[in-house]
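A short worksheet on the structure shown next.
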Amino acid sequence: MTQRFWITGKGGVGKTTLAEALAALLSRHGAVEVVEFDGERSVSKGTWGHRDVTGKRSISAYLGHHMGPLRALLGTPPGQAAISLLNAAPLVGDLTGLWWLHQVRDRAFQVVDLPASGHAAGFLRSRRAARRMARVGPIARLVERMDLRGPMLLVTLAEPLASQEAIELADQLSVELGRDPHRVVCNRVLPQAVVDALDHWEDCPLKEDLLQRADMENKALAQLKSRFGDRLICLPDGQAVLERLEAEEPWNWTSFSAPAV
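See below:
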């Protein structure tokens, strides 16, 4: 059975970097696939498999899976028009995207780089919405086979706006999906050694800027620690993400299980 890791957060906070580091680490313990949603193939090549999932690609894959020899029709102008029409319909792109990521074979781990925070909760919520609309039939069978369990990692920065958005996203996931992040990764934190050395840098032209940054980060981190406690992982500027993740032993998170939604 494939163990799935979900990575979410707003754009520009280092989600994809974390996905790559986690994939590299997990690849030491088994075959890995990275699934990137609407990422325009920003994940670099590595020892893992990779799929870039968009609404149109997932709809095409789903239809092709069920059309047999007629799948060639999807490449024709009418077929492409039908795919675009379906992609514009609510839930269709999200549901087929979730279906497609489940079409994984011979992989011990799957790292799912979710859409940016504004869409991530709605994306995961699409399964529940579909279940409410269709109790029987092909859609019901489709969603029943989906397994959304697995550790969720929320990525943020030690900045007021980013930290507040991370907390709001976690609250939304908790209320709407009944799950909370397994770990919260705060990227690009000013190293404590730099902060401690500032008192001795009398002639440093950046001293005032660094002091202001340290004060801003301390307030943001206090807010994050208040919400997430020991689940918060801080990654100082310059520390390799892979190095810090290794200490967490994520391949042993198999005991963690979130409610199916």
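So in the working numbering, the last spot in the sequence shown is 261, and the numbers never skip.
Backbone N, C-alpha and C define an ideal beta-carbon position, used for all residues, glycine too.
Please read all numbers here as calculations on a predicted model, not as lab measurements.
Problem set entry | Rounded Cβ spacing between Leu153 and Leu18 (contact assumed at less than 8 angstroms) | To locate residue 153, count along the sequence shown from 1; it is residue 153. To locate residue 18, count along the sequence shown from 1; it is residue 18. Rounded to whole angstroms, the Cβ separation of Leu153 and Leu18 is 7 angstroms, and the two are in contact under 8 angstroms.
Problem set entry | Bridge partners - Asp113, DSSP secondary structure assignment | What you label residue 113 is simply residue 113 of the sequence shown in a count that begins at 1. Bridge partners of Asp113: Ile7 and Glu36.
Exercise. From this set, Glu208, Leu124 and Gln172, which residue's C-alpha is nearest Arg197's C-alpha?
Worked result: The count along the sequence shown starts at 1 and reaches residue 197 at position 197. Just to set this straight, residue 197 is Ala in the shown sequence, not Arg. Answer by Cα proximity: Glu208.
Exercise. Should Thr47 go down as buried or exposed, given a rule of 16 or more other Cβ atoms within 10 Å for buried?
Worked result: For the purposes of this step, residue 47 is taken as residue 47 along the sequence shown, with counting starting at 1. Within a 10 Å sphere around the beta-carbon of Thr47 sit fewer than 16 other beta-carbons, which makes this residue exposed.
Exercise. Taking Cβ to Cβ, would you say Gly150 is nearer than 7 angstroms to Arg28?
Worked result: If you number the sequence shown from 1, residue 150 lands on position 150. If you number the sequence shown from 1, residue 28 lands on position 28. Not closer than 7 angstroms, so no.
For this session: Over the uninterrupted alpha helix (DSSP H) stretch that includes Gly97, give me the two end residues.
Result: Position 97 of the sequence shown holds residue 97. It spans Val92 to Leu101 - the alpha helix (DSSP H) in which Gly97 sits, taken as one unbroken run.
For this session: Examine the Cβ distances between the region 91-110 and the region 58-74 and report whether three or more of them are shorter than 8 angstroms.
Result: In short, these stretches touch, since the Cβ pair count reaches three.
For this session: Would you tell me roughly how many angstroms separate the C-alpha atoms of Leu224 and Glu33, rounded to the nearest one?
Result: As a position in the sequence shown, residue 224 is number 224, starting the count at 1. As a position in the sequence shown, residue 33 is number 33, starting the count at 1. Roughly 30 angstroms separates the two Cα atoms.
Problem set entry | Pro191 versus Leu211, Val184, His182 and Thr16, residue with shortest Cα-Cα distance | As a first step, residue 191 is located in the sequence shown; it is residue number 191 there, counting from the start. Nearest Cα to Pro191 within the set Leu211, Val184, His182 and Thr16: Leu211.
For this session: Kindly indicate which residue of Val155, Thr8 and Phe228 has the alpha-carbon position closest to the one of Arg188.
Result: Here residue 188 corresponds to residue number 188 of the sequence shown, with the count starting at 1. Comparing Cα positions, the closest option is Val155.
Exercise. Buried or exposed: where does Ser163 fall if 16 or more other Cβ atoms within 10 Å of its Cβ makes it buried?
Worked result: Stepping through the sequence shown from its first residue, residue 163 is reached at position 163. By the neighbour-count rule (16 or more Cβ atoms within 10 Å), Ser163 is buried.
Exercise. Going by the beta-carbon positions, is the gap between Leu22 and Val111 smaller than 7 angstroms?
Worked result: Locating residue 22 in the sequence shown gives position 22, where the first residue counts as 1. Locating residue 111 in the sequence shown gives position 111, where the first residue counts as 1. Taking 7 angstroms as the Cβ cut-off, Leu22 and Val111 qualify as a contacting pair.
Exercise. Are the beta-carbon atoms of Leu25 and Leu232 separated by less than 7 angstroms?
Worked result: Taking the first residue of the sequence shown as 1, we reach residue 25 at position 25. Taking the first residue of the sequence shown as 1, we reach residue 232 at position 232. No, the pair does not count as a contact, with Cβ atoms beyond the cut-off.
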